[in-house]
Every structure is written in C-alpha cells, then in structure tokens.
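The structure under discussion appears below in the form of structure tokens.
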Amino acid sequence: MMSIEDINRLQRENNAEAERKRLAKVAQIQRDESKRKREAALLQEQQRIEQLALMKAEVKKSWLLSNYLMSEADFEAAWKNDKLQLMREHRVKMDSLPRM
Numbered sequence: 000m001m002s003i004e005d006i007n008r009l010q011r012e013n014n015a016e017a018e019r020k021r022l023a024k025v026a027q028i029q030r031d032e033s034k035r036k037r038e039a040a041l042l043q044e045q046q047r048i049e050q051l052a053l054m055k056a057e058v059k060k061s062w063l064l065s066n067y068l069m070s071e072a073d074f075e076a077a078w079k080n081d082k083l084q085l086m087r088e089h090r091v092k093m094d095s096l097p098r099m
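Position 69 (the sequence shown) corresponds to 68 in numbering that gives the first Met the number 0; numbering is contiguous.
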C-alpha cells in the first residue's frame with residue numbers, strides 16, 4: 000500500500016509532466032503561427048510586387064501611346080520621379096473612356 004506522501008509525490012510528478020507537455024505544445028503552436036505569419040507576409044509582398052509590375056506595364060503602354068514622341072527611357076525617368084502621378088493620370092484616362 001502507498002502512503003499519502005507517495006501519492007502526493009506521484010501526483011506532483013504527473014502534474015509537472017503534464018505542465019511540461021502543455022508548455023511544449025504551446026511553444027509548437029506559437030512557432031507554427033509565427034511561421035504562417037511570415038509566409039503570409041512574404042506572399043503578400045510578392046503579390047504586391049507582381050501587381051505593381053502589371054500596373055507599371057499598363058501605365059507604360061498607355062503613356063507611350065499618348066506620348067508617342069517620348070521613349071521608354073523617358074517613361075522610366077518619369078516613373079522613377081513620380082509613380083503615383085503617372086498612375087493617377089492613367090486612371091483618369093481609363094475612367095474617361097466611353098464604356099460599351
């Protein structure tokens with residue numbers, strides 16, 4: 000037969016082991032969540048870069064058509080100088096086109 004001290008010691012050991020397992024599980028969950036957040040941020044950044052490249056190509060095409068005497072180098076200089084202004088001008092042009 001086990002004494003009360005032995006039962007209490009065994010219970011403390013079981014509690015300590017359960018706490019270690021719980022903390023290990025929490026740490027694993029936090030690592031997984033952190034990894035998912037990093038991957039999501041990386042994916043979002045890649046998508047943003049791709050969208051910007053598509054927007055630049057669309058704006059460039061429109062700009063070169065409307066400024067037929069300008070070269071691609073002129074567009075690149077204008078893009079480097081003020082991307083937002085070129086995007087706004089392009090959006091205004093696209094919004095003013097009649098829709099079918």
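Glycine included, C-beta positions come from ideal geometry on N, C-alpha and C.
Note that the structure is predicted; figures quoted are calculated from it, not measured.
Ignore the nearest five residues each way along the sequence and tell me which others in residue i's own chain have a CB closer than 7 Å to its CB.
i: V58; result: L85, M86 and H89
i: S61; result: H89 and K92
i: F74; result: K59, W62 and L63
i: Q29; result: none
Specify the secondary structure class of residue i as computed by DSSP and reduced to three states.
i: E81; result: A small correction: the amino acid at residue 81 is Asp; Glu does not occupy that position in the sequence shown. Coil at D81, not helix or strand.
i: R11; result: helix
i: Q70; result: It should be noted that the sequence gives Ser, not Gln, for residue 70. Here S70 sits in coil by DSSP.
i: R98; result: coil
i: S2; result: coil
In chain order, what residues of the same chain lie with their CB nearer than 8 Å to the CB of residue i, ignoring the 5 residues before and after it?
i: W78; result: K55, V58, K59 and L85
i: A40; result: none
For residue i, collect the residues of the same chain with a Cβ closer than 6 Å to its Cβ; drop the 5 residues on either side in sequence, then sort them by chain order.
i: R98; result: none
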